[in-house]
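Peer 1:
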Amino acid sequence: MENRLMFDYTKRILENVSFDSELFVKEFNKALMQMLPYDVDRLEQWVEDYVQDKPTLHQKLSQLEIQEV
138 MENRLMFDYT KRILENVSFD SELFVKEFNK ALMQMLPYDV DRLEQWVEDY VQDKPTLHQK
198 LSQLEIQEV
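If you count the sequence shown from 1, position 38 lands on 175 in the working numbering, and the numbers rise without skipping.
Have a look at this one:
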């Protein structure tokens with residue numbers, strides 16, 4: 138139950154900061170450090186779906202993935 142609350146809370150935070158791609162990435166990375174592996178996978182999938190119609194966020198996350206490789 139607590140994990141579900143953390144996941145929902147994180148989604149709400151990311152939705153609220155999605156106006157700023159830098160802040161979105163900062164909050165996303167912070168959440169990844171605090172969540173269990175199962176929730177990390179779910180959050181990554183949610184973010185992929187969420188940014189599909191948000192070009193600025195999608196571009197920023199794509200740049201990060203390239204840098205990590």
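For every residue, glycine included, the Cβ atom is placed at its ideal position computed from N, Cα and C.
This one's a predicted model, so the numbers in the text were calculated from it and none came from an experiment.
#1: Would you decide whether T193 is buried or exposed? Buried here means 16 or more other CB atoms lie within 10 Å of its CB.
#2: Reducing DSSP to helix, strand and coil, say where L173 ends up.
#3: Taking C-alpha atoms, which residue in D157, Y146, F144 lies nearest to H195?
#4: Going by CA-CA distance only, name the one from D186, L198, A168, V184 that's closest to L142.
#5: Is it true that the CB of F144 sits closer than 8 Å to the CB of D186?
Peer 2: Once the coordinates are examined:
#1: exposed
#2: coil
#3: D157
#4: A168
#5: no
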